[in-house]
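For reference, the structure discussed in these notes is given below.
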Amino acid sequence: MPPQSPFPAAKKKSQLELDPRRSLGLRIKELRVEHGFTQEELSDRSGMFRTYMSRVESGQANPTLTMLHQIAGAFGIDVRELLAPPATHHPERVRSVTILSRGRVNR
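When we follow numbering that gives the first Met the number 0, the leftmost residue of the sequence shown carries the number 0, and every step to the right adds one.
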């Protein structure tokens, strides 16, 4: 058996690299939020059930090419744009939090 790395992060690829369904789901959610749609609105516009759209966004469902075209159409974009990788870093949303030993939190 090969020696294991003492660094857990070195053992795995990122979640996005491991599961293309998850990556697609994150991209769809990202676009939905950018367009100001709820899951219900997106599902209505694309002709799918909201529960199925939820499963797509969470990476639990694997939509067909036809469904991808419907979702892209709901956003008014080409399916190639839909398949672009999701933004993984939003510097304007990142902040540092330091937890002190006495239960206080500095932000």
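Glycine residues also receive a C-beta, built at the ideal position from the N, C-alpha and C atoms.
Model, not experiment: these values are computed from the prediction.
| query | result |
| --- | --- |
| Cβ-based neighbour list, Gly46, same chain, cut-off 6 Å, excluding 5 preceding and 5 following | Gln69 |
| Proximity below 9 Å, CB of Leu64 to CB of Leu23 | no |
| Alpha carbon of Ile76 to alpha carbon of Pro62, nearest angstrom | 17 Å |
| Among Arg79, Val78, Glu56 and Met66, nearest to Asp18 - alpha-carbon criterion | Glu56 |
| Start-to-end residues for the alpha helix (DSSP H) that takes in Met66 | Leu64 to Phe74 |
| Inter-residue Cα distance where the pair is Gln14 and Arg21 | Note that Gln14 scores 48 on pLDDT, short of 50, meaning its location in the model is unreliable; the coordinates nonetheless yield the value given after this. The alpha-carbon atoms of Gln14 and Arg21 are separated by roughly 8 Å. |
| Integer Cβ distance of Glu80 from Ala73, believed to fall under 8 Å | Their Cβ separation, rounded to whole angstroms, is 12 Å, which puts Glu80 and Ala73 out of contact at 8 Å. |
| Rounded distance between the beta-carbons of Leu25 and Pro85, thought under 8 Å | 4 Å |
| Beta-carbon gap between Arg49 and Gln59 smaller than 9 Å | no |
| Unbroken alpha helix (DSSP H) run spanning Leu25, endpoints | Pro19 to His34 |
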